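Student: Before I ask anything, let me first share the structure, which is written out below as structure tokens.
Numbering (my numbering), first residue to last: 1 to 429.
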């Protein structure tokens, strides 16, 4: 019964998770990605708003009033088509009877030629495309972060195994040292050294347990999971793939989504600068109006219309347009310089990542051999200690070295995987 209860508690405390299921959850539920999607919707709406440079504006209104104002009364009678000879009487003109008038108005405004607005529409389209590529880049970055955290969780669980094995070993060494001390075979200092080492490993064990919980919480936040269980990878930390240097990496890196986003951002600002230059040209717009007049609400007893076009040229606008032109030019140049700087930094990052991969691979291979050597060295010292041929401090030193090298090897595998993953992220491979 107690074993069944223990198994139930363990099932509640831990939850197995694979990298694929983690990635899928992040893609579908992550709040950062949802925010990015809304940013894209905003950019799309701004582009759609620019249709105002092409499409007409239509409106309808209905207005009603009652007045004895001479001017409005005279005009209302004309609009309603009820004006008569008697309305020319001077007294009627100066002191008209109150009149009720209802007007229904249909208006249209049609842009005909607004070059700067059309260019601004192109700028909005480029901005929308830039946001699309930026979203793709941010998604890739978030997935890389997710995979990195998953590998860190794998590393921490593997480290926990090493620490637990070390703790078992250290506990056994301490018990043996305590027996030797009681038998008068070792000094008090040797026993204290074994006790200190035991405390160190227990502290290390608690630290690893906290790291597992912290990493698990970070992953649950990324995938928006409300489970109380601690996540546990279904697979162990392994080398993800072998390193092969690609001579086309620099070229491929210039076609990734972040570079494309910068390119469209630059095009957008170039178009905004061009639009500002064309704002000095005249604009041509058509307009029209159709109206119904009646003394009853929504009546249509009389109607009229007028249509026309306006050619407008603002010759001087208090230096505002000139200042805006200079501002837009500076912003376009700023984006161009930012793009150039970003590309140069990325090229440097790629070269650094290549060197980091090569170094991490060398360290990983070295640590792998060191694990085998330190294990054999510890075995020899331990056997000699059992025969009373080695000091307690020598045994503790060998054990500590063996444990640390095991942890270092695991860390070297993670470092290699991370640097390779980062290289693939930079180059889009």
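Each residue gets a CB set at the ideal place from its N, CA and C atoms; glycine is no exception.
Treat the numbers as computed from the prediction; the structure is a model and nothing was measured.
Compute the distance between the beta-carbons of residue 236 and residue 154, then report whether it is under 8 Å.
Tutor: Within the chain shown, the letter at position 236 stands for residue 236. Within the chain shown, the letter at position 154 stands for residue 154. Result yes, Cβ atoms of residue 236 and residue 154 sit closer than 8 Å.
Student: When you compare only the Cα positions, how much space is there between residue 280 and residue 417?
Tutor: Indexing the chain shown from 1 puts residue 280 at position 280. Indexing the chain shown from 1 puts residue 417 at position 417. Whole-angstrom Cα-Cα distance: 57 Å.
Student: Nearest-angstrom Cα distance between residue 81 and residue 302?
Tutor: By 1-based counting over the chain shown, the position of residue 81 is 81. By 1-based counting over the chain shown, the position of residue 302 is 302. Answer to the nearest angstrom: the Cα atoms are 6 Å apart.
Student: Can we say the region 128-140 touches the region 53-60, given the rule of at least three CB pairs closer than 8 Å?
Tutor: Verdict: no, contact absent.
Student: From the DSSP output, in three-state form, read off residue 9 for me.
Tutor: Residue 9 sits at position 9 when you count from the first residue of the chain shown. Reliability fails at residue 9, whose pLDDT of 37 lies under 50, so the model's placement of it is uncertain and no value is given.
Student: Does the Cβ of residue 309 have 16 or more other Cβ atoms within 10 Å, making it buried, or fewer, making it exposed?
Tutor: Locating residue 309 in the chain shown gives position 309, counting from the first residue. Looking at its Cβ environment, which holds fewer than 16 other Cβ atoms inside 10 Å, residue 309 is exposed.
Student: Closest to residue 108 by C-alpha separation, out of 313, 329, 392 and 286, would be which residue?
Tutor: Numbered from its first residue, the chain shown carries residue 108 at position 108. Nearest C-alpha to residue 108: 286.
Student: Going along the chain, which residues of its own chain have a beta-carbon closer than 8 Å to the beta-carbon of residue 10, five neighbours each way excluded?
Tutor: Counted from its first residue, the chain shown places residue 10 at position 10. Legend: pLDDT at residue 10 = 46, less than 50; position of this residue unreliable, no value from coordinates given.
Student: Grouping DSSP H, G and I as helix and E and B as strand, with all else coil, what is residue 286?
Tutor: Along the chain shown, one-based indexing puts residue 286 at 286. Residue state, collapsed to three classes: strand.
Student: Residue 19: which of 149, 251, 89 and 296 sits nearest, CA to CA?
Tutor: On the chain shown, position 19 is the one that residue 19 refers to. The shortest Cα separation from residue 19 among 149, 251, 89 and 296 belongs to 149.
Student: Pull up the DSSP beta-bridge partners for residue 307, would you.
Tutor: What you label residue 307 is simply residue 307 of the chain shown in a count that begins at 1. Residue 307 is bridged to 288.
Student: Quick check: is the beta carbon of residue 339 nearer than 8 Å to any beta carbon in chain C?
Tutor: No chain C appears in the structure shown, which is made up of a single protein chain.
Student: Just reading off the alpha helix (DSSP H) that residue 70 is part of, what are its end residues?
Tutor: What you label residue 70 is simply residue 70 of the chain shown in a count that begins at 1. From DSSP, the alpha helix (DSSP H) with residue 70 extends over 70-80.
Student: Reducing DSSP to helix, strand and coil, say where residue 16 ends up.
Tutor: Position 16 of the chain shown holds residue 16. The answer is strand: DSSP assigns residue 16 an E or B state.
Student: In this structure, what does DSSP give as the bridge partners for residue 109?
Tutor: Here the question's residue 109 lines up with position 109 in the chain shown. 57 and 287.
Student: The alpha helix (DSSP H) with residue 431 in it runs from where to where?
Tutor: The question about residue 431 has no answer, for the chain in this structure spans 1 to 429.
Student: Per the contact definition of three or more C-beta pairs closer than 8 Å, is the region 249-257 in contact with the region 169-177?
Tutor: Taking 8 Å as the limit for Cβ pairs, the verdict is that the region 249-257 does not touch the region 169-177.
Student: In the DSSP output, which residue or residues are listed as bridge partners for residue 101?
Tutor: The count along the chain shown starts at 1 and reaches residue 101 at position 101. Answer is 65.
Student: Check whether the region 366-385 touches the region 342-349, taking contact to mean three or more Cβ pairs, one atom from each stretch, closer than 8 Å.
Tutor: Short answer: they don't touch.
Student: Taking the alpha-carbon of residue 364 as reference, which of 424, 409, 292 and 140 has the nearest alpha-carbon?
Tutor: What you label residue 364 is simply residue 364 of the chain shown in a count that begins at 1. Among 424, 409, 292 and 140, the Cα nearest to that of residue 364 is on 409.
Student: CA-CA distance, residue 59 and residue 344?
Tutor: By one-based count along the chain shown, residue 59 stands at place 59. By one-based count along the chain shown, residue 344 stands at place 344. Distance between the alpha carbons of residue 59 and residue 344 is about 53 Å.
Student: In whole angstroms, give me the CA-to-CA distance for residue 342 and residue 250.
Tutor: On the chain shown, position 342 is the one that residue 342 refers to. On the chain shown, position 250 is the one that residue 250 refers to. Rounded to whole angstroms, residue 342 to residue 250 spans 14 Å at the Cα level.
Student: Between the beta-carbon of residue 166 and the beta-carbon of residue 201, is there less than 8 Å?
Tutor: Your numbering for residue 166 matches position 166 in the chain shown. Your numbering for residue 201 matches position 201 in the chain shown. Yes, Cβ-Cβ distance for residue 166 and residue 201 is below 8 Å.
Student: Starting from residue 176, trace the alpha helix (DSSP H) in both directions and tell me its first and last residue.
Tutor: Counted from its first residue, the chain shown places residue 176 at position 176. Element bounds for residue 176: 115-182.
Student: Should residue 137 go down as buried or exposed, given a rule of 16 or more other Cβ atoms within 10 Å for buried?
Tutor: Your numbering for residue 137 matches position 137 in the chain shown. By the 10 Å Cβ count, residue 137 comes out buried.
Student: Using three-state DSSP, classify residue 252 as helix, strand or coil.
Tutor: In the chain shown, the residue the question calls residue 252 occupies position 252. Here residue 252 sits in helix by DSSP.
Student: Write down the C-beta distance between residue 98 and residue 68 rounded to the nearest angstrom, noting that I regard them as a contact closer than 8 Å.
Tutor: For the purposes of this step, residue 98 is identified with residue 98 of the chain shown, where counting begins at 1. For the purposes of this step, residue 68 is identified with residue 68 of the chain shown, where counting begins at 1. Yes, they are in contact, since the Cβ atoms of residue 98 and residue 68 sit about 4 Å apart, within 8 Å.
Student: Using only the alpha-carbon positions, how far apart do residue 267 and residue 126 sit?
Tutor: The count along the chain shown starts at 1 and reaches residue 267 at position 267. The count along the chain shown starts at 1 and reaches residue 126 at position 126. The alpha-carbon atoms of residue 267 and residue 126 are separated by roughly 6 Å.
Student: Would you report the Cα separation of residue 424 and residue 265, rounded to the nearest angstrom?
Tutor: As a first step, residue 424 is located in the chain shown; it is residue number 424 there, counting from the start. As a first step, residue 265 is located in the chain shown; it is residue number 265 there, counting from the start. Cα to Cα, residue 424 sits roughly 24 Å from residue 265.
Student: So, residue 324 versus residue 276, is the Cβ gap smaller than 8 Å?
Tutor: As a first step, residue 324 is located in the chain shown; it is residue number 324 there, counting from the start. As a first step, residue 276 is located in the chain shown; it is residue number 276 there, counting from the start. The answer is yes: Cβ separation under 8 Å.
Student: Rank 269, 317 and 386 by C-alpha distance to the C-alpha of residue 335 and give the top, closest one.
Tutor: For the purposes of this step, residue 335 is taken as residue 335 along the chain shown, with counting starting at 1. If we check each option's Cα against that of residue 335, 269 comes out closest.
Student: Closest to residue 298 by C-alpha separation, out of 383, 62 and 156, would be which residue?
Tutor: Working through the chain shown from its first residue, we reach residue 298 at position 298. Comparing Cα-Cα distances from residue 298 to each of 383, 62 and 156, the minimum goes to 62.
Student: So, with DSSP's three-state summary, where would you put residue 293?
Tutor: For the purposes of this step, residue 293 is taken as the residue at position 293 of the chain shown. In the structure shown, residue 293 sits in a strand (DSSP, three-state: E or B).
Student: For the alpha helix (DSSP H) containing residue 262, list its first residue and its last residue.
Tutor: Here residue 262 refers to the residue found at position 262 of the chain shown. 257-278 is the span of the alpha helix (DSSP H), which, as asked, contains residue 262.
Student: According to DSSP, is residue 302 part of a helix, a strand, or is it coil?
Tutor: One-based indexing of the chain shown puts residue 302 at position 302. Strand at residue 302.
Student: Assign residue 327 to one of three DSSP states: helix, strand, or coil.
Tutor: Residue 327 sits at position 327 when you count from the first residue of the chain shown. Here residue 327 sits in helix by DSSP.
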